[in-house]
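Enquirer: Below: one structure in structure tokens.
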Ligand code: GTP
Ligand code: MG
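Numbering (our numbering), first residue to last: 32 to 235.
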């Protein structure tokens, strides 16, 4: 897919105020600092469309970006950020659960996993939570430029094994680097395929 336009649309904490559910959308979910905002920028060839930071806890709101005038990438705040109060965490839960359960146009979540780490309970918990909510998702392993390929493959294998303890089927998986652009084409092709299916469904 060629990216012809990208545009920030709206930022808010209330899922009810997100854009009309008329276009397919894809949301970034994952731990704080895993690279959600960076992945959006990498996918659309932008340096600063989504705000990134070396400190966790940068993105605090639901951010909608309209791509090529007809589908959305959605940046969400991360989970698992230690320096957050209980009330802030509850606010996150309400906001994200409200978002995930109210967007009929949410085609898939991209669940980002830091490829440098062995499977983390908090990420496996998120996988199971998405399963309980019935939200389709893919796994995106990030920051692969920071670790040797062998270690990345080993961590991915451990993640697959951990999932297979409770899941019968595994979701699609992508290996990415926001630094080198690795994985960009594979994710955009995947989204293009899903957008096409959506067009077929809405034309019927
Ligand atoms: P929150 O908004 O806090 O939830 O974080 P986030 O998941 O949006 O992470 P963000 O994109 O802000 O990236 C966090 C840090 O990781 C930044 O310093 C990025 O430059 C860095 N980073 C993200 N992706 C990559 C990657 O693929 N490779 C490398 N080397 N650094 C990355
Ligand atoms: Mg962010």
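Ideal Cβ positions, reconstructed from N, Cα and C, are used throughout, including at glycine.
Go through the stretch 52–76 residue by residue and report every complete run of the alpha helix (DSSP H) that reaches 4 residues or more, in order.
Expert: Runs found: 67–74.
Enquirer: Quick one, which of 68, 45, 180, 115 has its alpha-carbon nearest residue 125's?
Expert: Of the listed residues, the one whose Cα sits closest to residue 125 is 45.
Enquirer: Could you tell me how far apart the beta carbons of residue 207 and residue 70 are, in whole angstroms, since I believe they sit closer than 8 angstroms?
Expert: Right, the Cβ-Cβ distance comes to about 6 angstroms (below 8 angstroms), so this counts as a contact.
Enquirer: Contact between the stretch 156–167 and the stretch 73–87 is defined here as three or more beta-carbon pairs at a separation below 8 angstroms; is this criterion met?
Expert: Cβ pair count under 8 angstroms is below three, so no.
Enquirer: Given 6 angstroms as the limit, tell me if residue 217 has its C-beta closer than that to any heavy atom belonging to the ligand GTP.
Expert: No - the ligand GTP has no heavy atom lying nearer than 6 angstroms to the Cβ of residue 217.
Enquirer: If we ignore side chains and look at the alpha-carbon of each, how far apart do residue 92 and residue 205 end up?
Expert: Cα to Cα, residue 92 sits roughly 25 angstroms from residue 205.
Enquirer: Can you name, in chain order, every residue of its own chain whose Cβ lies under 8 angstroms from the Cβ of residue 187, other than the five neighbours on each side?
Expert: Once the five neighbours on either side are set aside, the close Cβ partners of residue 187 are 146, 172, 204, 206.
Enquirer: Going by the DSSP bridge assignment, what does residue 98 pair with across the sheet?
Expert: DSSP lists 37, 102 as partners of residue 98.
Enquirer: Going by the DSSP bridge assignment, what does residue 205 pair with across the sheet?
Expert: Answer is 171.
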